[in-house]
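**Student:** Residue numbers (this note's numbering), protein chains in the order written: chain A, 918 to 1241; chain B, 918 to 1241.
Attaching a single structure in structure tokens format; questions to follow.
Here you go:
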């Protein structure tokens, strides 16, 4: 039988909920259980299991790797929330807000080790390969976070810099999650490379989609305030593309909207006006579609039955079709 | 030939200095090179090489493991300095003081991964064993740091709690460093366990020695102010032992010295008076000696020539005889 991504994500949710994250001292371990059971879409571990299924692997054996990437992802959220001074995570207080900064640093560090402990439970023959991609990914995620922070104050950020940043910050971990599942299941070197590429391209498309929705989602579908990125002067794919395509007058208009005392409504309306003049909505959808198609092309090339590819296609389509 | 610990620590210093810690973005990598070349005694990597030598291993192959424990140790310092709000590290600004908190968090995280990258370069057949002890150690070091922070505000801390805290915070990493060198060199399971025990006991003795020197070093030998732990109300081995041995009157005296508006000089003199009444200096030396002897006993049992054991004995004796 072939599991759908919904079924596998439910299995992961159940596994996370039955996993024992407790330990002593409590200040160190309580935040870990708290963070891990805050919910979330469990996309990364689901990708790991889907890749294991794709190559006819034992899903139970791949479960530790799936948990490893989920624990790692949540570790990055705990540390990122300190840096971003974000008080809320998934509708609840972030760890540094509920406990304090030091607890968030140190609990995060422990989660990082726990990710490695889970990884070490994978197929022993593949341990070295798995460690290599996991290490590389962990470093790249940190690089992506640092580039993202740098961009806030940096001028002259290009669209290509931005794509590289989201590749590092988001896409490589999706790719790594898939590749770990593939390694566990004994996929060929070539197929492991292709599934990585699939994840990387989907990840970039996913992040562009995030930027798109922040601007063009319907307010009734969207969880947050539509236009939030514009209000906070965020350098998104849309904004950077607009700046690259703008004439002098349009650049002046954007700059003046970003700096002077306009209301949030005026700012969103004004920037959207420029976006419309430049057709940014279509340009963004086209870019997203191009990455999506590159992902599908990589998946096509993988030597596996289309029956096993189908849940990956569905997950990818779901990510692209979402409204929030 | 047999290398002395001085020779091996110089080799490590040279290796650290020629290692390329650079990368992009610079905000992420500059602090790593900065931290790694601040100096220090390089005790942990030296122990790693001494253990590899003990079991006739290839020291060049063990070098990556030696660097792994040194990078890991320095990672813990970078994060600890944020938590302790310590502005100075080895006479220079700490990373969070020279750059900022976020840089220190994220550069620290990257160093943590780099430690794993170096570890992954070890003997592939031993990778799983090495990863297991390294993961366990990394978690324990975090636990030790959290216990240490908890002790600051906790009442009723026992000497045994304190020993467990320093075992976790300091000793296990010395033990792990030795065991990694032993694994690399292909030591037997039993010998790998014994060298771990040697490191663990030496580590505890070393930390008790630290507490002893803070109180009883000669000011002309000691780098910091003698009595600093007393002035800052630190729960050291000496203080906790004194509290356990004190009668009601002595406890009152200590408590009053710790809380009321005495000068630093009066406080140090007053606490030392109680320490002298209770013979704390001798009790501490005896405890230190006991751990030192347990360490030597473990070393004795290891199946290796005494010629190869000698540098380890010398390093242990140096740590015990030091005046600062």
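Beta carbons: idealized from backbone N, C-alpha and C, even for Gly.
At a CB-CB cut-off below 7 Å, which residues of chain B make contact with residue 1056 of chain A?
**Tutor:** Stepping through the first chain from its first residue, residue 1056 of chain A is reached at position 139. The answer, in chain order, is 1027, 1030.
**Student:** In terms of residue numbering, what span does the alpha helix (DSSP H) encompassing residue 1075 of chain B cover?
**Tutor:** In the second chain, the residue the question calls residue 1075 of chain B occupies position 158. Unbroken run through residue 1075 of chain B: none, as it is neither H nor E.
**Student:** Tell me the DSSP bridge mates of residue 1005 of chain B?
**Tutor:** Along the second chain, one-based indexing puts residue 1005 of chain B at 88. B/1010.
**Student:** So, with DSSP's three-state summary, where would you put residue 1215 of chain B?
**Tutor:** Within the second chain, the letter at position 298 stands for residue 1215 of chain B. Residue 1215 of chain B: helix per DSSP, three-state reduction.
**Student:** With 16 other CB atoms within 10 Å as the buried threshold, where does residue 1032 of chain B fall?
**Tutor:** Looking up residue 1032 of chain B in the second chain gives position 115. Taking all protein chains in view, the Cβ of residue 1032 of chain B is crowded by 16 or more other Cβ atoms within 10 Å, so the residue is classified as buried.
**Student:** Under 8 Å, with one C-beta from each stretch per pair, do the stretch 1120-1132 of chain A and the stretch 1166-1179 of chain A reach the 3-pair mark?
**Tutor:** no
**Student:** Please check if any C-beta of chain A sits within less than 9 Å of the C-beta of residue 1060 of chain B.
**Tutor:** To locate residue 1060 of chain B, count along the second chain from 1; it is residue 143. Yes, because at least one Cβ of chain A sits closer than 9 Å to the Cβ of residue 1060 of chain B.
**Student:** Once you ignore the five residues that flank residue 939 of chain A on each side, which residues in its own chain have a CB closer than 7 Å to its CB?
**Tutor:** In the first chain, residue 939 of chain A corresponds to position 22, counting from 1. Excluding sequence neighbours, residue 939 of chain A sits near 946, 950.
**Student:** How about residue 1047 of chain A and residue 1065 of chain A: are their beta carbons less than 9 Å apart?
**Tutor:** Taking the first residue of the first chain as 1, we reach residue 1047 of chain A at position 130. Taking the first residue of the first chain as 1, we reach residue 1065 of chain A at position 148. No; because the gap between Cβ atoms is not below 9 Å, this pair is not in contact.
**Student:** Could you have a look at residue 942 of chain B and say whether DSSP puts it in helix, strand or coil?
**Tutor:** By one-based count along the second chain, residue 942 of chain B stands at place 25. Residue 942 of chain B falls in the coil class under three-state DSSP.
**Student:** Counting pairs of Cβ atoms below 8 Å between the stretch 1208-1224 of chain B and the stretch 1102-1113 of chain B, do you hit three or more?
**Tutor:** yes
**Student:** Distance cutoff 9 Å, beta carbons only. Does residue 937 of chain A sit that close to anything in chain B?
**Tutor:** In the first chain, the residue the question calls residue 937 of chain A occupies position 20. Closer than 9 Å: no.
**Student:** Could you run through the stretch 1073-1096 of chain B and flag, in chain order, every residue whose CB is less than 8 Å away from some CB of chain A?
**Tutor:** none
**Student:** Can you give me the C-alpha to C-alpha distance between residue 1107 of chain A and residue 948 of chain B, rounded to a whole angstrom?
**Tutor:** Here the question's residue 1107 of chain A lines up with position 190 in the first chain. Here the question's residue 948 of chain B lines up with position 31 in the second chain. Rounded to the nearest angstrom, the two C-alpha atoms are 37 Å apart.
**Student:** At 8 Å on the CB atoms, spell out the chain B contacts of residue 1046 of chain A, in chain order.
**Tutor:** Mapped onto the first chain, residue 1046 of chain A falls at position 129. By Cβ distance, chain B contributes nothing, its closest Cβ being about 10 Å from residue 1046 of chain A, past 8 Å.
**Student:** Answer with yes or no whether the minimum CB distance from residue 953 of chain B to chain A is below 9 Å.
**Tutor:** Here residue 953 of chain B refers to the residue found at position 36 when the second chain is read from its first residue. It does not; no Cβ of chain A falls within 9 Å.
**Student:** For a cutoff of 9 Å on Cβ pairs, would you count residue 940 of chain B as touching chain A?
**Tutor:** For the purposes of this step, residue 940 of chain B is taken as residue 23 along the second chain, with counting starting at 1. Yes - at least one Cβ of chain A is within 9 Å of the one on residue 940 of chain B.
**Student:** Which residues in the same chain as residue 1007 of chain B place their Cβ atom closer than 7 Å to its Cβ, once the five residues preceding and following it in sequence are excluded?
**Tutor:** Position 90 of the second chain, counted from the first residue, corresponds to residue 1007 of chain B. Cβ neighbours of residue 1007 of chain B within its own chain (closer than 7 Å, five residues either side excluded): 955, 956, 957.
**Student:** Could you give the distance in angstroms between the alpha-carbon of residue 1161 of chain A and the alpha-carbon of residue 1238 of chain A?
**Tutor:** Locating residue 1161 of chain A in the first chain gives position 244, where the first residue counts as 1. Locating residue 1238 of chain A in the first chain gives position 321, where the first residue counts as 1. Approximately 27 Å, taken between the alpha carbons.
**Student:** How big is the Cα-Cα spacing for residue 1168 of chain B and residue 1157 of chain B?
**Tutor:** The count along the second chain starts at 1 and reaches residue 1168 of chain B at position 251. The count along the second chain starts at 1 and reaches residue 1157 of chain B at position 240. About 11 Å.
**Student:** For the stretch 1129-1146 of chain A against the stretch 1085-1105 of chain A, are there 3 or more C-beta pairs whose distance is under 8 Å?
**Tutor:** no
**Student:** Whole angstroms is fine: what's the gap from residue 943 of chain B's alpha carbon to residue 1208 of chain B's?
**Tutor:** Stepping through the second chain from its first residue, residue 943 of chain B is reached at position 26. Stepping through the second chain from its first residue, residue 1208 of chain B is reached at position 291. One C-alpha to the other measures close to 44 Å.
**Student:** Under the assumption that residue 1249 of chain B contacts residue 1084 of chain B (Cβ atoms under 8 Å), give the Cβ distance between them as a whole number of angstroms.
**Tutor:** Because chain B spans 918 through 1241 in this model, residue 1249 of chain B falls outside it and cannot be assessed.
**Student:** In the DSSP assignment, the alpha helix (DSSP H) including residue 1228 of chain A goes from what residue to what residue?
**Tutor:** Along the first chain, read from residue 1 onward, the residue named residue 1228 of chain A stands at position 311. Boundaries of the alpha helix (DSSP H) around residue 1228 of chain A: 1223-1238.
**Student:** Identify whether residue 1220 of chain B lies in helix, strand or coil by the three-state DSSP scheme.
**Tutor:** Position 303 of the second chain holds residue 1220 of chain B. Looking at residue 1220 of chain B - three-state DSSP - the assignment turns out to be coil, as it is neither helix nor strand.
**Student:** As a quick exercise: from B/952, B/1025, B/981, pick the residue whose alpha carbon is nearest that of residue 1009 of chain B.
**Tutor:** What you label residue 1009 of chain B is simply residue 92 of the second chain in a count that begins at 1. The shortest C-alpha separation from residue 1009 of chain B is found at B/952.
**Student:** Just the C-alpha distance for residue 1104 of chain B and residue 1039 of chain B, rounded to the nearest angstrom, thanks.
**Tutor:** Taking the second chain and counting its residues from 1, one reaches residue 1104 of chain B at position 187. Taking the second chain and counting its residues from 1, one reaches residue 1039 of chain B at position 122. Their backbone Cα atoms lie some 14 Å apart in a straight line.
**Student:** Once DSSP output is grouped into helix, strand and coil, what is the label at residue 1152 of chain B?
**Tutor:** Within the second chain, residue 1152 of chain B is the residue found at index 235, counting from 1. In the structure shown, residue 1152 of chain B sits in coil (DSSP, three-state: anything other than H, G, I, E or B).
**Student:** The alpha helix (DSSP H) with residue 978 of chain B in it runs from where to where?
**Tutor:** By one-based count along the second chain, residue 978 of chain B stands at place 61. Residues 976-1000.
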